Amino acid sequence: MDVQRSKSYEAGFEPEERVPMMYPHPNEIERAPDQQMAPEDLPEKMAADEAPENGMDLKPIGSMLWAGLGANLFSLASLIIAFASPFWLQTYPDSFNTFRNIGLWEACFQNYIHYKDDKQEVYDGCWWILNPEDKYWKLREWLLPPWFITCQVLAIASIIICIVTCIMVMAIMLHFCPVLNHEYHQTFTIYFASALSFAKVMLIFIIGTIFGRLSEDWEWMPRPDWNFLSWGYGFLIISGLGSIAAGVCYFMQARDAYDQLKKKEAEFLDIAQNLAASQSQIQLSYQINDDYSQDYPEKDPDALGTEAPVIYQGYPPTSQYPEYDQRYMERQPYS
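Following this line, the structure appears as structure tokens:
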């Protein structure tokens, strides 16, 4: 770097060289064409260079999220099997009970005659509970007590919740929803998926409790002492266990992702503060060096006499910069 010299005030006089500037002026920095950078892009570049590489992934997609999705899909499959199964309540095979089995949407009987039927019609085989035929419609009030309808409604709600939860998680993992591409949105969506999973567990618990308790009512199915809860009801319980596992996995993944985001945010704010302080110091250093590099004003050589010209001496910038009126003057002898 060329050292700047002050002007000579008279022939044959040349002052001593000034102290070189510690920081180069931005205009003096030569960059390659592919390294040209706008001044406003400098903070982002320095922040990216100074960011710690600790290997943490900002995307909240980890093994626990995959495990939660697998448990959720397993729970959904089990719930669909239970929902469609006609074997929630079943009689023992070697019993002489006229009732055979029943599910949420189908009932099976063998030579059954309802005691309140005036026509004393015989019901043999299986049929849809909501069958609109008159023969089966008159048994609807007996087959569908209020608690049984409650179980049907809650089972439908559980399937809807499980499907919505799977769609939300897959939207995060496959990135087909632009709204969920933000890390915080993804994290809170996983929290919401965990809450939905636990809500589904509560619905399944209510269904299991109501059906398991009231299916023993003697006014509903004949000879409840010969009946038992079958594999369709078991798949309902399995679905609840899968929902518990999915909710726990979602919660753990969301909590870990949220902690990482908070840590990254704190690190970024610390880097930004340090960068702002460094930028202000560099700009102040540029300003001071620019002030020192200005040409000195012309003075009358006759008025100068035998005194040496006044030279404003530069000094390396420090954290404590003196004001302009505090700059000292140093007299230099003739060369």
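Numbers in my numbering are just positions in the sequence shown, counted from 1, shifted up by 4.
Virtual Cβ for every residue (Gly too), placed ideally from N, Cα, C.
Treat the numbers as computed from the prediction; the structure is a model and nothing was measured.
CB contact flag (residue i, residue j, <8 Å)
i: residue 199; j: residue 75; result: no
i: residue 232; j: residue 114; result: no
i: residue 225; j: residue 103; result: yes
i: residue 158; j: residue 241; result: no
i: residue 86; j: residue 239; result: yes
i: residue 207; j: residue 161; result: yes
i: residue 172; j: residue 197; result: yes
i: residue 214; j: residue 155; result: yes
i: residue 129; j: residue 260; result: no
i: residue 163; j: residue 84; result: yes
i: residue 82; j: residue 246; result: yes
i: residue 283; j: residue 68; result: no
Residue i classed as buried or exposed, judged by whether at least 16 other C-beta atoms fall within 10 angstroms
i: residue 139; result: exposed
i: residue 97; result: exposed
i: residue 281; result: exposed
i: residue 194; result: buried
i: residue 31; result: Below a pLDDT of 50, predicted positions are generally treated as unreliable, and residue 31, at 48, falls in that range; the measurement from the model is reported next regardless. With fewer than 16 other Cβ atoms within 10 Å, it is exposed.
i: residue 204; result: buried
i: residue 278; result: exposed
i: residue 255; result: buried
i: residue 143; result: buried
i: residue 120; result: exposed
Bridge-paired residues (DSSP) for residue i
i: residue 105; result: 94, 112
i: residue 130; result: 112
i: residue 117; result: 126
Limits of the beta strand (DSSP E) - the one that residue i falls within
i: residue 151; result: Looking at the DSSP string, residue 151 is not in any beta strand (DSSP E); the run it does join, the alpha helix (DSSP H), is 150-178.
i: residue 231; result: 231-233
Contact set for residue i: own chain, Cβ-Cβ below 8 Å, skip 5 residues either direction
i: residue 170; result: 73, 76, 77, 80
i: residue 228; result: 219, 220, 221, 222
i: residue 117; result: 102, 124, 125, 126, 127
i: residue 235; result: 89, 91
i: residue 167; result: 80
i: residue 216; result: 233, 237
i: residue 135; result: 141
i: residue 274; result: none
Contacting residues, own chain, Cβ-Cβ under 6 Å from residue i (five flanking each side not counted)
i: residue 202; result: 251
i: residue 344; result: Nothing can be reported for residue 344: it is not among the residues displayed for the chain, which extend from 5 to 339.
i: residue 265; result: 187
i: residue 174; result: none
i: residue 131; result: 140
i: residue 71; result: 253
i: residue 106; result: 93
i: residue 230; result: 95, 96, 99, 101
Delimiting residues of the alpha helix (DSSP H) encompassing residue i
i: residue 67; result: 67-88
i: residue 195; result: 187-218
i: residue 144; result: 144-147
i: residue 224; result: Premise fails: residue 224 is in no alpha helix (DSSP H) and is neither H nor E.
7 Å CB neighbourhood of residue i in its chain, flanking five on each side removed
i: residue 341; result: Examination of residue 341 is not possible in this model, given that the chain is present from 5 through 339 alone.
i: residue 243; result: 79, 82, 83, 86, 208
i: residue 165; result: 200, 203, 204
i: residue 262; result: 191
i: residue 151; result: 214, 218
i: residue 149; result: 224
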